[in-house]
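A.B. asks: Structure incoming, see below.
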Amino acid sequence: MSKEAEKNLLEVKDLRVSFPSRHGAGAKRMVHAVNDVSFSLRRGRSLGIVGESGSGKTTTALAVMRLVEPSGGSILFDGVDLTQAKGESLRRMRPRFQMIFQDPFSSLEPRKRAGAIVREPMDLLGIGTEAERRQRVDELFARVGLRDDQKLNFPHQFSGGQRQRIGIARAIATRPDLVVCDEPVSALDVAIQAQILNLLVEVQEEFRLSYLFISHDLGVVHYVCDEIAVMYLGKIVEHNDRQSLFRQPLHPYTWALLSAVPGRGAAGRQNRIRLKGDPPSPFDLPKGCSFAQRCPFAQDECRNVRPELRAVSGGRRVACHRVNDEGIGPHHEFGEAVSRVEA
Amino acid sequence: MVPVSALARNLLTSIVTVLAVIVFNFTLIHLAPGDPVTVMVGEMGGGDPELITRLQQQYGLDRPFAEQLFTYVLSVLTGDLGFSFYYNMPVLDLILQRLPATLLLVVSALCLAIVIGTALGVVAAQRPRGILSHLITVISIAGFSAPVFWVGIVLIIGLASALPIFPTSGMRDVTNIGAGIWGDTVDVAYHLVLPAFTLATVYLAQYSRLARSSMLEVLSADYVRTARAKGLPERLVVYKHALRNAVLPVVTIAGLQFGQVVAGAVLVETVFAWPGLGRLAYESILRRDSPTMLGILLFSAVIVIVANIVTDMVYRMIDPRIGARA
Amino acid sequence: MTISVFSLNRRRFVQGAGLTAASMMLGGLPEAYAQTKGGTVVIGHTTLRHLNPAIQSGQATGIPGTQIFAGLTQLNDKFEAQPYLAKSWEVSPDGLTYTFHLEENAVFHDGKPITSEDVAFSLDVVKANHPFGKPMFGTVKAVETPDAKTARFVLERPHPALMSALSPLLLPILPKHVYGEGDIRENPANLKPVGSGPFKFSEYRPGEVLVLDRNENFFRPGRPYLDRLIFRITQDPVVNVLGLERGDINYLPFALVRVSDIDRLKANENLTVTTDGYEAFGATNYLEFNLRHAPLDDVRVRKAIAHAVDKDFIQNKILAGHAKRLDGPLTESSPFYSAESLKKYELDLEKAKALLDEAGHPVKDGGMRFSLTLEWLPDANINSQQPVAQYLKAQLRQIGIDIVLRPNPDFGSFATRIGNWEHQLTMNGIWNYPDPVIGVNRAYLSTNQKKGAIFTNTEGYVNPRVDELMIAAGGESDPAKRKELYAEFQAILTDELPLLWTNEEPLFTLYDKKLQGLPLTVWGALAPYDEMHWA
Amino acid sequence: MQPLLSIKDLRISFRSRTSQFAVLEDFDLDLQKGETVCLVGESGSGKTMTGLALMGLVPSPGFISNGAISFEGREMIAAGRNRAAEIRGKNIAMIFQEPMTALNPVFTIGEQIAEMLRYHEGLGRKAAIERAVELLRAVGIPEPEQRVHEYPHQISGGMRQRAMIAVALACSPQILIADEPTTALDVTVQAQILDLLEEVQERLGTTILLITHDMGVVADVADRVVVMYCGRKIEEGPAAEVLADPRHPYTSALLACIPRPDPEATTRMKLLDIPGIVPAASARPAGCAYAARCAFAFDKCRAERPPLFEVAEGRSAACWLASKEHSQ
Amino acid sequence: MFSRNGSAVAGLVILLIILFTALAGPALYGVDPFAIVSGPLLPPGDPDAPLGTDGIGRDILAGMLVGAKASLIVGATAAALTMVIGISVGAIAGFYGGRIGQALMRVTEFFQVLPALLLAMTIITLFSPTLTTVAVAIGIVSWTSVARLTRAEFLRIRNLEYVQAARAMGARNRRIIWLVILPAALPPLIVTATLTVGIAILFESGLSFLGLSDPNVMSWGVIIGQNRDYMLSAWWAVTIPGIAIFATVLSVSLIGDGLNEAFNPKLRER
């Protein structure tokens, strides 16, 4: 690997995003959607963030894109703090980080033709000449597998998968370094999902993109990402490389998550941990570990002291009192979380 | 049912709004050319400059604007809306005297419109492509499009000459005084028919349209499908599950319209000589009776605010999703 | 408020009328017939401020006020004072002391006796609060009360019009024990009056109805005949017409009805329509030029306008023949009217155009010479103000004058603008009253330009000769000489055209044919209805 | 054994102003008492429509244009008359994908359960609420005495789906149709709901028709699986066998294109993807609907629609490759 | 057949006829609406005045033809004003939210609390009834509902992903508000605009009926207002302009309803 690749392209430190919220009839309160989140991403690599709804994974992505205002922390993109960038200086940075959205039906402006949609970021950010932009659109259409004549079609004339191809073409039009993917395949049928995942992996390699990849689907993250961070109620509870995360999940939550993935047949379901209830609401976070209420292994310490994300052996990181420095936790007695799919 | 804090917040905003309304109205009315004393002296049959000066002093009209405003706000806060230049009585008494007539008119028209309009809308929504549905739609658009005073005039012309069944003006037969509560009620009801019907025409149109579209929307909702899947008869599906949801926008609009009770009734009260607040408002505007004008404008604003709060409470009762319409 | 804005003040000096203290009993004649007693009369009425005529002029308060309050005297149809509360009176030879003897058994509606204290109190109230209090009673130095039933008016100087000002309308006798406390303007009894007239207050709902019931203790035995008067209040001519047609209204004085409906109503066999009873009012309607404003200061322009107006059309079409045309400052019924001295301007558009050309106002682009703003009295004189204004707009266009109509939404705006001379043209009208000194002079006296005051010389007319004539006529007691002076006055005015008089304002009374004993005298409907009865 | 419910030759058509087309064709299905059958397929495959047809709730402008449905031997659709309303709710119940929108927001959970009991079983208000509490307890809702008076928006997504299941189970139906009951839920909650359905079935012997697009769910819960494509059944059989040895190329492609977390994988293998898109219901080809996307398609596939071939005991597939002559 | 589009088309036809009348009518029927052509209150059918004359003998047909323009202009101007104020306030409040949004919504609530017709009457009385005052008064009192609608739409659309995408692509706020969100919010606003024209015409006629109109400009409302007192003797003088107002409002309402159906597939489908 070259020196340049070693350097972190993106470095998020203590990111915090809070929203004022009027929950119910009560007084206004701040909801910490993202709470002291730190991670870094090297050039050409992909980091997956997984979690259930309300975990703050999408908010993290939007904060990195500067689409929501962070209330604390820093986002260093290629050494420049994006949280300090405003107006024009932020706009000048924009070509270098782009985004692919979740919903292929609402992420494309319905009144614009496909060609114009792909061209738009270049127009808005003033990239290239008129002719260059036109040529670039042609290239991109070919690259994502759309026909040339489809440039004149409107979004509603495309299928979901095709729309997501347009979204990808738009995101890479400015030759970005970083692409934030927010659940890019969750709205698609499985067959189409595979097409798009393959395309994403191909263009990543081809253009040496870094992905910040948000998903709730462990299978998808496993397929795309080199490293994975697991979020629970606004915090990262585990951050690991793909293999070790799937082989030996450190955090009981990760482990529960993995074991809940359907598809292991009746036998596979015998040894999984049943999590009680739903995640608590982010409006009233517990004092200690936010997972403590649902964790079968929680002890008093868990309920009273919030565990910090710390490194254990092998450079793996976890936020759990019950996991020791060797990376062994109480759940490891239950055996493997994930076995090979029988099919 | 309603959380105290929400109510308190509502009240606080309301008070601020009321203060703003007072200041706004007062300023607006004082921008007018000519002062009430001129009108009063004219109404009295003329007078000399001395009398004008004396009256101006008496009513404090010679003071600086800011002082007048301050005095007015203070007295309003103590519940004193001032003294009518024209009617020579406390504005509050005057308003309270006229209020029942307007309430009677508007509330009967609204009830008539809500019940019939919603029923029509619901019927129309069940067979949205049927002839009946189209007919109801066209009739409600027509009702919406007809100037309300014109409907009244046509009724008066028609009923006065061709078919003198219902009285066309006033709220009571003046010779009926002392007829007792029962006789009076019958008399008032008899006089109420035409104005209430006229006013209801306009409202009706809105409710049937609203009920139709909201019913259409609700009927395609998942929970209506659930209700059907539960094996409930269509009657329960439509009138329990769907209607309860479809009626929410109707409540909102009813609240809004009730809030505009005074303004809404001006035209009909004028056409039918109905002795209500709307006509009082019109007369006081024409007579530059500024205490009365201010009083009615303020009173109307308070009615709107109260109506909003009540609507909000009703809404909360029908729709348990609190804060859903924040 | 149709009529009330035209003040009744012009009645205040009824000079020229015989003021002998004739003691002929008013209503002596009807007493001879056996009257039907009882019944209710519904009177069509306009909105009113309150029910205390002592502090409020105008027929809106005046009509019910005269029923509720009695006065010292009453006028007959010859402007002669008749006994009312005062059963007799003496005037000292120097004319400075009037002694009134009150009816012994007269009581207020609350049963308390009427005393000379009440008379003195009422005079004070009227003097201080009535718009015409000072002109009427300014010379009354004091009211002495030698005993409970004797009131003595002591004057500073002789005041021949005093007797005519003692009617219930102008000097209603208020009970001191009711009205004596606090500011009279905010006295609650203004809305729940206690008087001593033939009818007593029963119920009032502002804007809706006023009910008066028979005063059982009225000091005139056997009166009134009616049990109840109901005033049905509306400002809407349509409501009045419908009410009359349906028989809901029995009596409609100062009828707020469009002339176009008069013929309809005349054809109704149950109704009587009359213009009697308004002769003394002399209501006029005219186009007022603001003479301070160019080009209206040019008499040629005014004459051109006069030639563009067809008064016969106004009389016969707009007013449907219900009113007379008016060619000068005095109405035809005035004893000083002089037809031969009037300079009349007949419709002649060519002449009008020529006059305008001559005055230096050529036709410009768009066919117009110049533009003028025309206002009118809102909500008053419904039959002639706005219709004539609209007629003038159409007519003056033909000679190249562009009229911009400027409706004043309310009387206040109108009074402020006209009183402060901000207008160019306005429709206006004053009531002449029997004597021009009261009703006419004020519009033309150069000294009567009072900025801020309406119904004065708002047009800004100044002619020393005219001033002289008016003053001379006011001091002249020989009717023939006065008439001569007024003839010259009319000749000069109609030549100089400070105003363009268009028509007399039609006033109607409509009533149920079966209704009898109506007060169709000089005071019209502003007299007690103690004789009114059903046939 | 007589099946509890039997669908024969069902066809559901949609009528538009200009044309009429089928969204479900030639559909046969037998449900036995106590089994779990999964209907699996991509969106537009007609699986939801099948569920709605069983409930007699095919939305306008769709309608059942052919076929028969019999429940316990009784004809539900016969002589053009749809008698589904008689058993709906009572004998066959259905739960839906979005528990948030499927529950009426303006009634309490308790009312919505009690309503079933009051209408179908004539219980009084109080008794019905008491039963509702029991039902809520049975579907694993903590503190049911309180929850019964709460509104749908006051409880979490997982709880809502449990409540929905309680509504469906109120009258102890023989058949429960679950249309994507876990799709809108988080993965940990999804597992809980699947557990619950399984538990319900064990306890009550309810037949479950589970509609899903997720092969993982099929693997976990199904006794039998029916794979659908473009409004037709293309493969049917015991779930374990079908998943292990799919006979239709579409089934195998569907299994292969799902990325799975595999702890052993060190390098990334390209996912198999099915090219192209599902043809629209109004424009289906004459031959096999899957032919255009199938890697193994040959001329016959494009010309002639393959019928369902029985490929083994209780297994069938609609593919020419599965026909006798081919397998030989 | 009475199809939904059918009624919208009927509305369009009526409106076109009215527009044509307003534009060409005065030229085809060259009578001055202010000229006194005959005696007052001639009933319709008179050769001099086919629709009769008003209270002072002016030709009602001429008034109707000339008056169409003013009525339509007041309606359109007031509606335009309503839409411009409402959309601007609603857009800014909805897009920025926060303090600005709160403040703007407070202002909106404040105006909503004021009784619309009374406020309009007061404004017109204070500033004399010209076409401009009337249009402005109507605009001032009726923009609030548009603002609320716009705000609601902006709040909804603001969170759609393509708006986020536009921001991610570096589009400036102004561009996002006017070129990205507004076009998406237009369908309901267009419907509202159409209905607002109708409401404004009704509003104007109501004010005219109360005598609050400019007598120098012939409009349908003016004819009604000036002939109101004659209604018992001359039904035509108020009924005929009333029919014209009714037809105009009906036509725009039908069009609005049709557009609503067209824009709202939910209503159309079922």
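First to last, the sequence lines map onto chains A, B, C, D and E.
When you number the first sequence by this note's numbering, it's gap-free, plus one each residue, and the end is 350.
When you number the second sequence by this note's numbering, it's gap-free, plus one each residue, and the end is 484.
When you number the third sequence by this note's numbering, it's gap-free, plus one each residue, and the end is 636.
When you number the fourth sequence by this note's numbering, it's gap-free, plus one each residue, and the end is 1426.
When you number the fifth sequence by this note's numbering, it's gap-free, plus one each residue, and the end is 490.
All residues carry an ideal CB built from backbone N, CA and C; glycine is no exception.
Would a check of beta-carbon distances place H223 of chain A closer than 9 Å to chain D?
C.D. replies: Chain D, which has a Cβ nearer than 9 Å to the Cβ of H223 of chain A, makes this yes.
A.B. asks: Please give me, in chain order, every unbroken run of the beta strand (DSSP E) with length at least 3 that falls completely inside the region 334-380 of chain C.
C.D. replies: Entirely contained in the region 334-380 of chain C, the beta strand (DSSP E) runs reaching 3 residues are, in chain order, 372-375.
A.B. asks: Does DSSP put P637 of chain C in a helix, in a strand, or in coil?
C.D. replies: In the structure as shown, chain C begins at 102 and stops at 636. Residue 637 of chain C is therefore absent and cannot be evaluated.
A.B. asks: Are the region 351-364 of chain B and the region 301-308 of chain B touching, with three or more C-beta to C-beta distances below 8 Å?
C.D. replies: Yes, since at least three Cβ pairs between the region 351-364 of chain B and the region 301-308 of chain B fall closer than 8 Å, the two stretches touch.
A.B. asks: Please list, in chain order, all residues of the same chain as W1418 of chain D whose beta carbon is under 7 Å from its beta carbon, the five residues on each side excluded.
C.D. replies: Result list for W1418 of chain D: K1398, C1399, P1404, H1424, in chain order.
A.B. asks: Check whether the region 459-470 of chain E touches the region 378-396 of chain E, counting contact only when three or more Cβ pairs, one atom from each stretch, lie closer than 8 Å.
C.D. replies: Segments in contact, no.
A.B. asks: I'd like to know whether the C-beta atoms of F374 of chain E and A323 of chain E end up nearer to each other than 9 Å.
C.D. replies: No, these two residues do not count as a Cβ contact at 9 Å.
A.B. asks: Can you tell which of D:T1280, D:R1322, D:A1393 has the C-alpha that lies nearest to the C-alpha of E1411 of chain D?
C.D. replies: Out of D:T1280, D:R1322, D:A1393, D:R1322 has the C-alpha closest to the C-alpha of E1411 of chain D.
A.B. asks: Looking only at its chain, what residues have a beta carbon closer than 6 Å to the beta carbon of A228 of chain E, apart from the 5 residues adjacent to it on each side?
C.D. replies: Around A228 of chain E: L474, I475, G478.
A.B. asks: So which residues of chain D does N403 of chain B contact, with C-beta pairs closer than 9 Å?
C.D. replies: What N403 of chain B touches in chain D: N1202, P1203, V1204.
A.B. asks: Kindly indicate if chain C contains any beta-carbon less than 9 Å away from that of T326 of chain B.
C.D. replies: By this cut-off, T326 of chain B is an interface position.
A.B. asks: Does the beta-carbon of L627 of chain C have 16 or more other beta-carbons within 10 angstroms, so that it is buried, or is it exposed?
C.D. replies: With 16 or more Cβ atoms within 10 Å of its Cβ, L627 of chain C is classed as buried.
A.B. asks: Roughly how many whole angstroms lie between the Cα atoms of K188 of chain C and M329 of chain B?
C.D. replies: About 44 Å.
A.B. asks: Throw me the rounded Cβ distance for the A356 of chain C and N369 of chain C pair, which I believe falls under 8 Å.
C.D. replies: Their Cβ separation, rounded to whole angstroms, is 13 Å, which puts A356 of chain C and N369 of chain C out of contact at 8 Å.
A.B. asks: Which residues in chain D have a C-beta closer than 8 Å to the C-beta of G226 of chain A? List them in chain order.
C.D. replies: By Cβ distance, chain D contributes I1356, P1357, R1358, P1359.
A.B. asks: Going by DSSP, what residue range makes up the alpha helix (DSSP H) through L122 of chain A?
C.D. replies: Rather than Leu, the amino acid found at residue 122 of chain A in this sequence is Gly. That run of the alpha helix (DSSP H) goes 121-132.
A.B. asks: Between I1089 of chain D and L293 of chain B, what straight-line distance do the alpha-carbon atoms span, to the nearest angstrom?
C.D. replies: Here chain D comprises residues numbered 1099 to 1426, so residue 1089 of chain D is not present and cannot be evaluated.
A.B. asks: Going by the beta-carbon positions, is the gap between M1326 of chain D and G1144 of chain D smaller than 9 Å?
C.D. replies: Yes, the Cβ-Cβ distance between M1326 of chain D and G1144 of chain D is below 9 Å.
A.B. asks: With H, G and I counted as helix, E and B as strand and the rest as coil, what does DSSP make of S297 of chain A?
C.D. replies: Three-state DSSP puts S297 of chain A in coil, outside helix and strand.
A.B. asks: Using a Cβ-Cβ cut-off of less than 8 Å, list which residues of the region 193-211 of chain A approach chain D; keep chain order.
C.D. replies: Cβ contacts with chain D: D196, V197, A198, I199, Q200, A201, Q202, L204, N205, V208.
A.B. asks: Measuring straight from C-alpha to C-alpha, what distance separates R1181 of chain D and G167 of chain A?
C.D. replies: Going by the C-alpha atoms only, they are around 38 Å apart.
A.B. asks: Please list the residues of the region 1360-1381 of chain D that have a C-beta atom closer than 8 Å to any C-beta atom in chain A, keeping them in chain order.
C.D. replies: Going along the region 1360-1381 of chain D in chain order, one finds D1360, P1361, E1362, A1363, T1364, R1366, K1368, L1369, L1370, D1371, I1372, P1373, I1375, V1376 with a Cβ nearer than 8 Å to chain A.
A.B. asks: Which word fits K93 of chain A, buried or exposed, when buried means at least 16 other C-beta atoms lie within 10 angstroms of its C-beta?
C.D. replies: Exposed, since its Cβ has fewer than 16 Cβ neighbours within 10 Å.
A.B. asks: Out of B:N334, B:V281, B:L352, which has the shortest C-alpha to C-alpha gap to V309 of chain B?
C.D. replies: The option with the nearest alpha carbon to V309 of chain B is B:L352.
A.B. asks: Would you say N25 of chain A and S78 of chain A are within 9 Å of each other, going by their C-beta atoms?
C.D. replies: The question names Asn, yet the displayed sequence has Ser at residue 25 of chain A. Cβ distance < 9 Å, so S25 of chain A and S78 of chain A count as in contact.
A.B. asks: Report, in whole angstroms, the separation of the C-beta atoms of I180 of chain B and V231 of chain B, which I expect to be a contact under 8 Å.
C.D. replies: Right, their Cβ atoms sit about 6 Å apart.
A.B. asks: Please classify G322 of chain A as buried or exposed, where buried requires at least 16 other C-beta atoms within 10 Å of its C-beta.
C.D. replies: Exposed.
A.B. asks: In this structure, what does DSSP give as the bridge partners for L388 of chain C?
C.D. replies: Looking at the DSSP assignment, L388 of chain C forms a beta bridge with C:M528, C:L601.
A.B. asks: Evaluate L377 of chain B with the Cβ neighbour count: other Cβ atoms within 10 Å of its Cβ, from every protein chain shown; 16 or more gives buried, anything less gives exposed.
C.D. replies: By the neighbour-count rule (16 or more Cβ atoms within 10 Å), L377 of chain B is buried.
A.B. asks: Can you name the residues of chain C whose CB is closer than 9 Å to the CB of T345 of chain E?
C.D. replies: The answer, in chain order, is P510, D511, S514.
A.B. asks: To the nearest angstrom, report how far apart G1222 of chain D and R170 of chain A are at their CA atoms.
C.D. replies: Roughly 54 Å between the two C-alpha positions.
A.B. asks: Quick one, which of A:L240, A:G241, A:Y218 has its alpha-carbon nearest C232 of chain A's?
C.D. replies: Of the candidates A:L240, A:G241, A:Y218, the one whose C-alpha sits nearest the C-alpha of C232 of chain A is A:Y218.
A.B. asks: If you draw a straight line from the C-alpha of G383 of chain C to the C-alpha of T376 of chain C, how long is it?
C.D. replies: The alpha-carbon atoms of G383 of chain C and T376 of chain C are separated by roughly 12 Å.
A.B. asks: Along chain A, which residues have their Cβ under 7 Å away from the Cβ of L380 of chain E?
C.D. replies: By Cβ distance, chain A contributes S113.
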